[in-house]
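Quick mapping for you: the protein sequence lines, in order, are chains A and B. End of the first sequence = 205 in the working numbering, gap-free, step of one. End of the second sequence = 317 in the working numbering, gap-free, step of one. Glycine residues also receive a C-beta, built at the ideal position from the N, C-alpha and C atoms. Worksheet for the structure shown next.
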Amino acid sequence: MPASTAPDSGEVPDSDLVKRCQAGDTRAFDALVSRYRGRIYAMTYHMIQNETEAWDLAQEAFIKAWRALPRFKLDSSFYTWLYRIAHNVTYDYLRKKKIQGDGEFDDSRTEHKAAAGAETVPHGDDAPDTALKNAELGQRIHAAIAQLSPEHRQVIVLREVEGLQYEEIAATIPCSLGTVMSRLFYARKKLQELLKDTYENAT
Amino acid sequence: MKTPPEDHDLIRWLDGEMSATELERFTARLETDSALKAEAEFMQRMCADVRSALPAEMPVPYGDFFNSQIQVRLTQETVGSSSVLTGERASWLDWFRLPSFVTAAAVAVAVVTAGVMIVRQPSEVGNSLVLSSYAPNGKVQVSSYQSAEAQATVLVLDGLEAIPADRKIVGYHIDRSEMNTEMAATTLYGSGGEVLVVSTDSRNQPRLLAAAMTR
Numbered sequence: 003m004p005a006s007t008a009p010d011s012g013e014v015p016d017s018d019l020v021k022r023c024q025a026g027d028t029r030a031f032d033a034l035v036s037r038y039r040g041r042i043y044a045m046t047y048h049m050i051q052n053e054t055e056a057w058d059l060a061q062e063a064f065i066k067a068w069r070a071l072p073r074f075k076l077d078s079s080f081y082t083w084l085y086r087i088a089h090n091v092t093y094d095y096l097r098k099k100k101i102q103g104d105g106e107f108d109d110s111r112t113e114h115k116a117a118a119g120a121e122t123v124p125h126g127d128d129a130p131d132t133a134l135k136n137a138e139l140g141q142r143i144h145a146a147i148a149q150l151s152p153e154h155r156q157v158i159v160l161r162e163v164e165g166l167q168y169e170e171i172a173a174t175i176p177c178s179l180g181t182v183m184s185r186l187f188y189a190r191k192k193l194q195e196l197l198k199d200t201y202e203n204a205t
Numbered sequence: 103m104k105t106p107p108e109d110h111d112l113i114r115w116l117d118g119e120m121s122a123t124e125l126e127r128f129t130a131r132l133e134t135d136s137a138l139k140a141e142a143e144f145m146q147r148m149c150a151d152v153r154s155a156l157p158a159e160m161p162v163p164y165g166d167f168f169n170s171q172i173q174v175r176l177t178q179e180t181v182g183s184s185s186v187l188t189g190e191r192a193s194w195l196d197w198f199r200l201p202s203f204v205t206a207a208a209v210a211v212a213v214v215t216a217g218v219m220i221v222r223q224p225s226e227v228g229n230s231l232v233l234s235s236y237a238p239n240g241k242v243q244v245s246s247y248q249s250a251e252a253q254a255t256v257l258v259l260d261g262l263e264a265i266p267a268d269r270k271i272v273g274y275h276i277d278r279s280e281m282n283t284e285m286a287a288t289t290l291y292g293s294g295g296e297v298l299v300v301s302t303d304s305r306n307q308p309r310l311l312a313a314a315m316t317r
């Protein structure tokens, strides 16, 4: 399961905030939203590739979590539980939109900022041309991921972003281990095909 | 040609899901199969780049607004379905996201800039009823009408200069009541230096409290 960000020393533990939420304390929930919104938004953004829709879905995930909190038994970390809700919200949305990776390239789904790749480029040490190349590569990777089917995008995000093990991916989706491996294989093959020119031109 | 289990081997090798024995066997295969080795190296590099391009955490645009809108929705849910606001599920802050709101805000600024004085009577149900209006600029004609269906009061200002279509709200700040989370005042900052203070009425509709030009 996605690793929870351990609260800094002095921060109120998630479990305490959850208990306060279960007693109806919306301020405690606000603290949890602030703590995890960046990670939940990142997941929805990577899945949807659209800032506005990702923003809305992240909100929807938190609202659903609030509604479900009375039934949360604290038998897993709050973030793991929240992540699964967010994942379901996002995947349901994608399925409803019937976005198919095999279809034509859709520019509207890749309206991500040019800086999306650049944000992850190590700052400071890179020469400007290296940073630019990294930013361009980041953009191309985003565009390639936008062309994957929802199922393939899903396993890439769960594996590469959240770093989940196969069994955890299978439990999250849910599906068999064989399906996880199969989807990962074909998702990566598709990415390889889409990014081949990019890598060839870079060398 | 690779068989499905061989495909899985490559994937499991990439993801570190192999046992020590499997890893040893696969590494030996890589040494003898140059095509497989080339593909494995490409995939390895690509996966590393994908991880770099997809950060696990991203700054949420308008993070404070993100939180405040959730709080508004939670409060609405807490108030319950018995509320007279049935059907108004969306937050009043959703108005910020409508292009028409920017125009409405710009109109409000124009009202103040033109020196129009509007006398409003606090109404029982929150509608803004305009009883009288006064425009010191004689060229400006003020009229108003109410739409019960739209729950809106519309001000018509004839004679004002055209409002730039590119007027933008570039920032905002929300002050929330500590006693009642439903109560909040939002300050909007326009790109032209205008400042608007907005709150809501009992129908959860935006109400302009104050407006000023800072430059």
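- Secondary structure note for residue 140/B: its alpha helix (DSSP H) is the uninterrupted segment 136–155.
- Within the stretch 41–57 of chain A, 41, 43, 44, 47, 48, 53 and 57 place their CB atoms closer than 7 angstroms to a CB of chain B, listed in sequence order.
- At a cut-off of 8 angstroms between beta carbons, residue 119/B contacts chain A.
- Approximately 7 angstroms separates the beta-carbon atoms of residue 34/A and residue 80/A; this is inside 8 angstroms, confirming the contact.
- For the stretch 12–68 of chain A, the full-length alpha helix (DSSP H) segments reaching 4 residues or more read 16–24 and 28–50 along the chain.
- Between the beta-carbon of residue 87/A and that of residue 66/A there is about 5 angstroms, and that keeps the pair under the 8 angstroms contact cut.
- DSSP places residue 88/A inside the alpha helix (DSSP H), whose first and last residues are 80–99.
- For the stretch 139–167 of chain B, the residues whose beta carbon sits under 7 angstroms from a beta carbon of chain A are, in order, 144, 145, 148, 149, 151, 152, 153, 154, 155, 156, 157, 158, 159, 160, 161, 162, 163 and 165.
- In the DSSP assignment, the residues bridged to residue 245/B are 258/B.
- DSSP, read as helix, strand or coil, puts residue 175/A in coil.
- Near chain B, meaning a CB-to-CB distance below 9 angstroms, the residues of the stretch 183–199 of chain A are 183, 184, 186, 187, 188, 190, 191, 193, 194, 197 and 198.
- About 7 angstroms separates the Cβ atoms of residue 144/A and residue 51/A, confirming a contact at the 8 angstroms cut-off.
- Nearest to residue 159/B by C-alpha distance, out of 163/A, 69/A and 199/A, is 163/A.
- Beta-bridge pairing by DSSP links residue 277/B to 287/B.
- Around the beta carbon of residue 152/B, 16 or more other beta carbons lie within 10 angstroms, which makes this residue buried.
- Contact check for residue 288/B against residue 300/B passes: the beta carbons are separated by less than 8 angstroms.
- Neighbours of residue 28/A in chain B, taken as residues at a C-beta separation under 8 angstroms, are given in chain order as 173, 176, 177, 180 and 283.
- Taking a contact as a CB-CB distance under 8 angstroms, the pair residue 92/A and residue 71/A does not count as one, their CB atoms being some 19 angstroms apart.
- Using a Cβ-Cβ cut-off of 8 angstroms, residue 127/B does not count as an interface residue toward chain A, since no Cβ of chain A sits closer than that to its own.
- Residue 132/B and residue 188/A have their C-alpha atoms spaced approximately 20 angstroms apart.
- Against chain A, the beta carbon of residue 109/B has neighbours under 8 angstroms at 183, 184 and 187, listed in chain order.
- Taking a Cβ-Cβ cut-off of 7 angstroms, the neighbours of residue 163/A in chain B comprise 156 and 158, given in sequence order.
- DSSP places residue 184/A within a helical segment (H, G or I) once states are collapsed to three.
- For residue 24/A, none of the residues of chain B pass the 8 angstroms Cβ criterion, the least Cβ distance being about 13 angstroms.
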